[in-house]
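By full-length UniProt numbering, the letter at position 41 of the sequence shown is numbered 41, and the numbering carries on one by one without gaps. Here's the structure, in structure tokens; my notes come after.
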Amino acid sequence: MYYNYKGTHSLVLMAVADANYRISLLDIGAPGRHSDGEIFNASEIGKRLQNGMLSIPPPRPMENGQALPFVLVGDEAFPLMQYMLRPYPRSGRLNRRKNIFNYRLSRARRVVENVFGILSARMRIFRKPLIASISTATRVIKATTCLHNFIISEELKLPHTQRRYMTLNAHERQLRSTGLEDAGTFNRNRPTKSSTQIRDDFATFFETTSAVPWQWEKVLQNNF
Numbered sequence: 001m002y003y004n005y006k007g008t009h010s011l012v013l014m015a016v017a018d019a020n021y022r023i024s025l026l027d028i029g030a031p032g033r034h035s036d037g038e039i040f041n042a043s044e045i046g047k048r049l050q051n052g053m054l055s056i057p058p059p060r061p062m063e064n065g066q067a068l069p070f071v072l073v074g075d076e077a078f079p080l081m082q083y084m085l086r087p088y089p090r091s092g093r094l095n096r097r098k099n100i101f102n103y104r105l106s107r108a109r110r111v112v113e114n115v116f117g118i119l120s121a122r123m124r125i126f127r128k129p130l131i132a133s134i135s136t137a138t139r140v141i142k143a144t145t146c147l148h149n150f151i152i153s154e155e156l157k158l159p160h161t162q163r164r165y166m167t168l169n170a171h172e173r174q175l176r177s178t179g180l181e182d183a184g185t186f187n188r189n190r191p192t193k194s195s196t197q198i199r200d201d202f203a204t205f206f207e208t209t210s211a212v213p214w215q216w217e218k219v220l221q222n223n224f
């Protein structure tokens, strides 16, 4: 049941993280052999998001007066939805506004990638495959993520120079040769008109009111 396409046994850890590398939502235990789209749609995270049951705050007016919704950030593996932003496809030639959006989105996505980097760097049990039953493995993941959140919450009260768990370079570790693997690609549903408009609104916001000085060079060099 948990035998995946890579020829190993795995269960899926799906997580939503905040800007401080803390895990806000966690779904554990889907068999690795299931398609990623099935896992997302069947997960409590996916179902609650689609049904509006996660108490997400209402849209908030930005500096330019336009209200933008709170959203999750994903990569090309996720479908574009009203609550989920993904990059513009690179299959065609992108204009400056869309390239800026993709760059800003990639910076935000690194937070989630860094969460798993921190976990594998600091929790040694994730440096190799878990040899345990499904129930034990699930409890291990829950315990380590709770400890991860607790330590980070405490370290956020300290200056950067005094932090020992979440150091500046801890999250740069690669996931290669650890027990953590990329989940792969999700089924891509055709985005609704409102979801494409939301992405366009964010793209305009990043190019104008919310522009940052270094984004122009990054986009020109395609360095992201």
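The C-beta atom is built at its ideal place from N, Cα and C for all residues, glycine as well. Nothing here was measured: the structure is a model prediction, and the numbers come from that model.
* Cut-off 6 Å between Cβ atoms - residues of its own chain near V115, not counting five sequence neighbours on either side -> Here residue 115 corresponds to residue number 115 of the sequence shown, with the count starting at 1. Once the five neighbours on either side are set aside, the close Cβ partners of V115 are A17, Y21.
* **Coil, strand or helix - G29 by DSSP** => Here the question's residue 29 lines up with position 29 in the sequence shown. Of the three classes helix, strand and coil, the one that applies to G29 here is strand, per DSSP.
* Within the chosen definition, does the stretch 195–210 reach the stretch 97–106 through at least 3 CB pairs nearer than 8 Å? -> yes
* Asked: Is it buried or exposed for P87, if we count other Cβ within 10 angstroms and need 16 for buried?
  -> Start at 1 with the first residue of the sequence shown, and residue 87 comes out as number 87. P87 should be labelled buried.
* Using 10 angstroms around the beta-carbon of T145, count the other beta-carbons present and answer buried if the total reaches 16, otherwise exposed. => Residue numbering aside, residue 145 sits at position 145 when the sequence shown is read from its first letter. The residue in question, T145, is buried, as its Cβ has 16 or more Cβ neighbours within 10 Å.
* **Run of the beta strand (DSSP E) containing L13, from where it starts to where it stops** => Position 13 of the sequence shown, counting from 1, holds the residue named residue 13. It spans 11–17 - the beta strand (DSSP E) in which L13 sits, taken as one unbroken run.
* Do S133 and R127 have their C-beta atoms within less than 8 Å of each other? -> Taking the sequence shown and counting its residues from 1, the one referred to as residue 133 is at position 133. Taking the sequence shown and counting its residues from 1, the one referred to as residue 127 is at position 127. Cβ distance not < 8 Å, so S133 and R127 don't count as in contact.
* Which partner residues of I23 appear in the DSSP bridge assignment? -> Here residue 23 refers to the residue found at position 23 of the sequence shown. Looking at the DSSP assignment, I23 forms a beta bridge with A17.
* **Secondary structure of V219, DSSP reduced to three states** => Here residue 219 corresponds to residue number 219 of the sequence shown, with the count starting at 1. V219 falls in the helix class under three-state DSSP.
* To do: For I141, count neighbouring C-beta atoms within 10 Å of its own C-beta (all shown protein chains included) and say buried if the count is 16 or more, exposed if not.
  => The residue labelled residue 141 in the question sits at position 141 within the sequence shown. Buried, by the Cβ-count rule.
* CA-to-CA distance, T167 to E113, given in whole angstroms -> In the sequence shown, counting from the first residue as 1, residue 113 sits at position 113. In the sequence shown, counting from the first residue as 1, residue 167 sits at position 167. Taking the straight line joining both Cα atoms gives about 15 Å.
* To do: Rounded to whole angstroms, what's the CA-CA distance from G52 to F70? Just pull it up for me.
  => On the sequence shown, residue 52 is found 52 positions in, with the first residue counted as 1. On the sequence shown, residue 70 is found 70 positions in, with the first residue counted as 1. Roughly 12 Å separates the two Cα atoms.
* 8 Å contact criterion, which L49 and I28 should meet: CB distance rounded -> Walking along the sequence shown from the start, residue 49 turns up at place 49. Walking along the sequence shown from the start, residue 28 turns up at place 28. Contact doesn't hold; Cβ gap of about 17 Å is too wide.
* Output the boundary residues of the alpha helix (DSSP H) element that contains R110. => Counted from its first residue, the sequence shown places residue 110 at position 110. Note, R110: alpha helix (DSSP H), 96–122.
* Taking C-beta to C-beta, are Q82 and I198 nearer than 8 Å? -> Stepping through the sequence shown from its first residue, residue 82 is reached at position 82. Stepping through the sequence shown from its first residue, residue 198 is reached at position 198. Yes, they are a contact pair.
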